[in-house]
Each structure stands twice: as structure tokens, then as C-alpha cells.
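Undergrad: There's a structure below that I have some questions on.
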Amino acid sequence: MAFDNLTKRLFSHLLNKRVLSIGTNYFATNELETDYVSLINLTKTMLVEVKPAEINSQTIFANLEQEIDQRDLPLNRKFIEIKAADNEVNEFALLSNIIMGNDRYLYVELFKKSNIMDTFVQMILQANGEIIERSKTELVSKMPSKKDGIRIAIRLISLGMENGCNTRAAVGMTGAASIERAIEMNNEIGPTSGVGFTKLGGEYGIIFETTPTMEKVELTPVQIDNFMYIDAKDSTGFISKYGKDKLIEIMNDINAYIKNESDGKIEGYRVGGDDLIINFPSKEIALKTGLDCAWYAMNNGLNLRVGIGKSRREAGENAHISDELKIHDNTPVIVFDLANGKYAYYIPSEFTRSALEFIKNRNTLLAGVFIFVFIITLIGWNTGNAWLGFVAMLFALLIVTLAT
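If you read the sequence shown in my numbering, its first letter stands for residue -18, the second for the next number, and so on.
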């Protein structure tokens, strides 16, 4: 832990931005998670805070209002905070969302038996949801996204209350997580109709003490597209070293991967070019794809600048912010918005990764060398033999070289 904090402080100084993590301690539970955790740790990928987000219940509710917008958010809704989010980006939660996707499972519970459950099932299917399991008073479904889950939950709550039946709903990463969230919400507010959700590590809910009204919150809808801009860093230098054909090969491979594996819609790419713009169905998919592309290109000697934003311009601006995250040589960087802040995944150079691995594996040796040099130098100064410190450093260098 002390070593991790020391290296984070060191790289925070070198990058002039706060480094939140180097690699990850995320505990993988399946093959997909294992692959990503291994790559993040192998490449020493760092999560960097470019502009800190302000995280509190007010900003979270305001953000949710914009995401849901006036189509589905009745005026008589109330927001509640069950558990406050930490005013800090949770590296584990972010990585989990990138790998597995955000909270998409929707749990719905009727507080009394009603034939309305059949109608609920049809409404979920019409919203492109998938029914996982159901009974007379409960169901679990998988929705296209967290926002879709919350939207359809409000519609189900409205219909349930119109038929005299209070309804509990909750969204989660898994069916079990959504059920647990509903139980926690029940403990807090009892059988009041509402939908529970998480945001940046906190637990929140939208509740209705009266039947949701037809009047909607009047907000200007925000653009919900998720654009990613990819650009090759120093393409001229790469071409002079590896040739134009190698650059085309890498960019074509990235183009094919995005088109066939990521659900991204590619815009403005021309064969032989060194940049492209993609529109994704969610930010999580964009981040996952950005990491995949950056790692692939880096493995072939090419560094990418990647920006993710709600518009083409914002994605391009974020990509160019990546140039600020640099120690000496160009390295791959992915810049994205999170809440009302900006963050980045910074992938250090091969030399830096090797140095980090050496320090991590040899920290006991290095500590011993430091103590040895310090003691000998101290003795030298106190006995009038300052040259002993120089000899000790040469001897320590020899020991480290032989040990590696």
C-alpha cells in the first residue's frame, strides 16, 4: 500500500495531474474480467484526474434529470438519497461498468397480487427488454441500458398506482443486485412506489407518494450520443520508421474491430487516414473500445490519442487534451467526461512500465541499498572520508545490476 501511494504521488507530480490508480486491484470473477484486469495491470494503465468532478446528491439528481429528460420524468417525483456517494471517482465501479456494462437489470415488485403483471411484461418487451424470470408479484428483466430501466420503471409505477397497487422497482448490475437494492429501499421508505438506482457509488431513488402526473419536468434534452475521436500520434514519425502500409494496416484493423465487434457507427474514415470518429450506444462501450484500440495500436508501435464526448467536437477536444498528459515520449491516452469532471486513462511507455515492475518486485532490495548507501555516506562524512559515499554508490550499482 505504501509503495502504491508513493508511485501515485510520483506520477501525479510528473504528469501534473492527480493519479487515482496504477493498474487495478479489481477482483475478476469471469474470463472477460480476467482478460481486462490482466491487460490493465500488464500495461500499468493509470486512471488520471484531469479536472475533478463535483459529486454530491444535487449534481447527481441534476444529471439524472437531463439524462431522463422531460419525456418520462413527472413533476410530482421526489428524489431521495439512501447512501451518499463519496466525493471521489470509484476506480473499481468505473472499471466494472466498462467491462460488464452499467446497471441494466430491472427488478419489479408489486406490494399486492394483481393481474397487472402480465401488462408489465408486455410493456418491458415493447421497450426491447428481456424477461429473465417472473411470478405473480415479481419479475426480473434485462434492459438495453440503465436509463431505459429507469424510464420503463416510472411507466410501470404509474400504471400500477392507477390500478391501486404500489410498485417497487430497482436497477442493478445483475438481477441479484437489483433485488438487493429494492430490499434496501424498502427498509428505508416502506411500500412507497419508486425506483432505486446507483450513481457514482451512492444509492438513490425516485419515489412517488401520489400517482405520477402527466405533467413532465420541462428541460431541454441533452444530446445523448457518445462519440469517440481516434487519432494517431506523430503519424509522420511512425511512417518514417515503419512505413505507410503499416499505419494503414493498423487503422484498417481498428476500423474493422469497431465495425464488427463494438456496435459502433463509424463516420468520416478514409482508407489511409490516421483518424476516425465513431458514435456508440453508450459511454461504457466507447471506453471499452477505446482501451482495446489503444492497447492494440501500442502493441504495434503506434500511440493513439482518444477522446470521448457527447458531440463530435467534444470528443475531438478531449482527444487533444491527451497531449497535456505526457512525461517525455508520446503514449496512448483516452480522455473522457465523468459527472461534471474530466478523467483519462494514461498508458505509460514501455520504459516506464519496466521501471515500475522492477521497483515493485525489487522494493526490498532497493530499500536495503538505500539504507546501505545512507549509512556508509553518513560514516564517511563523520570520519572525514566523504569518498566512502561515492564508493558505496558504485558498490550498490554493481549489486543492483547483478541482481537483475
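Glycine included, each C-beta is placed from N, C-alpha and C at the ideal position.
A quick note: this is a predicted structure, and the numbers were derived from the prediction, not measured.
For residue 183, tell me which candidate among 91, 74, 310 and 139 has the shortest Cα-Cα distance.
TA: Position 202 of the sequence shown, counted from the first residue, corresponds to residue 183. Nearest of 91, 74, 310 and 139 to residue 183, Cα basis: 74.
Undergrad: Sort 41, 10, 141 and 155 by Cα distance to residue 85 and report the nearest one.
TA: Translated into the one-based positions of the sequence shown, residue 85 becomes position 104. The residue with the shortest Cα to Cα distance from residue 85 is 155.
Undergrad: Output the boundary residues of the alpha helix (DSSP H) element that contains residue 98.
TA: Counting from one through the sequence shown, the residue named residue 98 turns up at place 117. 97 to 107 is the extent of the alpha helix (DSSP H) around residue 98.
Undergrad: According to DSSP, residue 207 sits in a beta bridge with which residue or residues?
TA: Your numbering for residue 207 matches position 226 in the sequence shown. 261.
Undergrad: So what's residue 7 in DSSP terms, helix, strand or just coil?
TA: For the purposes of this step, residue 7 is identified with residue 26 of the sequence shown, where counting begins at 1. Coil.
Undergrad: Whose C-alpha, out of 310, 227, 301 and 11, is nearest the C-alpha of residue 77?
TA: Taking the sequence shown and counting its residues from 1, one reaches residue 77 at position 96. Nearest option by C-alpha distance: 11.
Undergrad: Pick out whichever of 291, 227, 164 and 219 has its Cα sitting closest to the Cα of residue 206.
TA: Taking the sequence shown and counting its residues from 1, the one referred to as residue 206 is at position 225. Out of 291, 227, 164 and 219, 291 has the C-alpha closest to the C-alpha of residue 206.
Undergrad: Go ahead and pull the three-state DSSP assignment for residue 212.
TA: Within the sequence shown, numbered from 1, the residue matching residue 212 stands at position 231. Residue 212: strand per DSSP, three-state reduction.
Undergrad: What is the C-beta distance between residue 185 and residue 49, in whole angstroms, given that I count them as a contact (C-beta under 8 angstroms)?
TA: Position 204 of the sequence shown, counted from the start, is the residue given in the question as residue 185. Position 68 of the sequence shown, counted from the start, is the residue given in the question as residue 49. Contact between residue 185 and residue 49 does not hold, since their C-beta atoms are separated by about 13 angstroms, which reaches or exceeds 8 angstroms.
Undergrad: Reducing DSSP to helix, strand and coil, say where residue 222 ends up.
TA: Within the sequence shown, the letter at position 241 stands for residue 222. Helix at residue 222.
Undergrad: Is it a yes or a no for the segment 210 to 223 touching the segment 268 to 282, going by three-plus beta-carbon pairs under 8 angstroms?
TA: yes
Undergrad: Could you check if residue 195 is buried or exposed, using at least 16 other CB atoms within 10 Å of its CB as the buried criterion?
TA: Mapped onto the sequence shown, residue 195 falls at position 214. By the neighbour-count rule (16 or more Cβ atoms within 10 Å), residue 195 is not buried but exposed.
Undergrad: Just confirm the distance between the C-beta atoms of residue 142 and residue 192, as a whole number of angstroms; I'd bet it's less than 8 angstroms.
TA: Against the sequence shown, residue 142 aligns to sequence position 161. Against the sequence shown, residue 192 aligns to sequence position 211. About 4 angstroms separates the two Cβ atoms, so the contact holds.
Undergrad: Determine the contact status of residue 316 and residue 0, defining contact as a CB-CB distance below 8 angstroms.
TA: Taking the sequence shown and counting its residues from 1, one reaches residue 316 at position 335. Taking the sequence shown and counting its residues from 1, one reaches residue 0 at position 19. The answer is no: Cβ separation not under 8 angstroms.
Undergrad: Only counting runs of 3 or more residues, tell me where the beta strand (DSSP E) segments fall wholly within the segment -15 to 55, in order along the chain.
TA: -1 to 3 and 27 to 32
Undergrad: What runs of the beta strand (DSSP E), each 3 residues or longer, lie entirely inside the segment 118 to 167?
TA: 119 to 123 and 148 to 153
Undergrad: Where does residue 173 sit, in a helix, a strand or coil, going by DSSP?
TA: Along the sequence shown, one-based indexing puts residue 173 at 192. Note: residue 173 maps to coil in three-state DSSP.
Undergrad: What is the residue span of the alpha helix (DSSP H) that residue 420 lies within?
TA: With the chain represented from -18 up to 385, any question about residue 420 goes unanswered, as that position is not in the structure.
Undergrad: Roughly how many whole angstroms lie between the Cα atoms of residue 164 and residue 133?
TA: Translated into the one-based positions of the sequence shown, residue 164 becomes position 183. Translated into the one-based positions of the sequence shown, residue 133 becomes position 152. Cα-Cα distance, rounded: 19 angstroms.
Undergrad: What number of angstroms, rounded off, separates the C-alpha of residue 366 from the C-alpha of residue 71?
TA: Taking the first residue of the sequence shown as position 1, residue 366 is located at position 385. Taking the first residue of the sequence shown as position 1, residue 71 is located at position 90. Their Cα atoms are separated by approximately 52 angstroms.
Undergrad: Give the secondary structure of residue 178 by DSSP, where H, G and I count as helix, E and B as strand, and everything else as coil.
TA: In the sequence shown, residue 178 corresponds to position 197, counting from 1. Of the three classes helix, strand and coil, the one that applies to residue 178 here is strand, per DSSP.
Undergrad: For residue 93, which residues from the same chain have a beta carbon less than 7 angstroms from its beta carbon, with the 5 sequence-adjacent residues on both sides left out?
TA: Position 112 of the sequence shown, counted from the start, is the residue given in the question as residue 93. Answer for residue 93: 146, listed in chain order.
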